[in-house]
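Below is one structure, written out as structure tokens; the observations come after it.
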Amino acid sequence: MSAAHVVLFAALTLAAWTDLRRRMIPNVITYPAIAMVFAISAGSSQWEGFAASLLGAAVCGGLLALAWLAGALGGGDVKLAVLMGASLGWTEGLHALMWTFTLAAVCMLSTVIWKEGLGGIWRSLRPRPLPGDIAGTMTPDARPMYLAPAALAAVLLVTWPK
């Protein structure tokens with residue numbers, strides 16, 4: 001396991017905790033972790049590793065930035081994607097993002113079924129305004145999707161047992 005992976009796991013563990021407790025991922029977790037991963041990649045394998053980290057951060061962060069611009073995600077989720085891409089590279093980073101959203105969706109649907117039964121799924125899927133239509137508000141029946149815990153599990157899936 002590389003030093004960048006250790007930083008990634010530590011940051012994701014802290015982010016998962018704060019996401020579950022406060023529904024936010026603080027900058028004090030993401031920015032230092034991203035800086036450390038870039039420093040590690042630049043120091044360990046010169047420019048090739050640093051370029052791979054930049055590409056991974058741009059690809060993974062760029063995809064989630066589009067969702068953030070549409071109002072579908074928070075900024076902390078985007079910064080976690082940047083961290084995942086910088087640590088894992090763009091191919092494993094995208095793989096981890098795919099698993100992140102898959103696991104988060106399964107958890108969210110399981111919670112709806114557990115709390116409200118199968119009818120809750122249909123109520124959750126009914127049409128409502130787009131996220132950008134009413135800035136900063138959630139519909140009363142909106143469900144939080146905790147991406148940081150799902151990202152931690154996804155990174156473990158992608159990197160285990162390398």
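40 is the number that full-length UniProt numbering gives to position 40 of the sequence shown; each next residue is one higher, with no gaps.
Ideal placement from N, C-alpha and C gives every residue a C-beta, glycine not left out.
Given the structure is predicted, the values throughout are model-derived calculations rather than measurements.
In the displayed model, Ile29 falls within a helix according to three-state DSSP. Unbroken alpha helix (DSSP H) stretches of 4 residues or longer found wholly inside the segment 89 to 119: 90 to 116, given in chain order. In this structure, the CA atom of Cys107 is about 34 angstroms from the CA atom of Ile40. For Trp17, the enclosing alpha helix (DSSP H) stretches over residues 3 to 22.
The alpha carbon of Phe9 has as its nearest neighbour, out of Met24, Lys115, Thr30, the alpha carbon of Thr30.
Met84 sits in a helix when the DSSP states are folded into three classes.
Within 10 angstroms of the beta-carbon of Ile34 lie 16 or more other beta-carbons, which makes it buried.
When only Cα atoms are considered, Met98 and Thr91 end up about 11 angstroms apart. A residue is called buried when at least 16 other Cβ atoms come within 10 angstroms of its Cβ; Ile113 does not meet this threshold and is exposed. The Cβ atoms of Ala151 and Leu64 do not sit closer than 8 angstroms to each other. Collapsing the DSSP output to three states places Trp68 in a helix. About 13 angstroms separates the beta carbons of Gly89 and Gly61, which is beyond the 8 angstroms limit, so they are not a contact pair.
Cβ neighbours of Asp19 within its own chain (closer than 8 angstroms, five residues either side excluded): Ile25, Gly76, Tyr146, Leu147, Ala148, Pro149.
By a beta-carbon distance limit of 8 angstroms, Ala4 does not contact Val28. Their separation comes to about 19 angstroms.
A Cβ-Cβ separation of about 4 angstroms places Thr100 in contact with Ala154 under the 8 angstroms criterion.
Around the beta-carbon of Ser44, fewer than 16 other beta-carbon atoms lie within 10 Å, marking it exposed.
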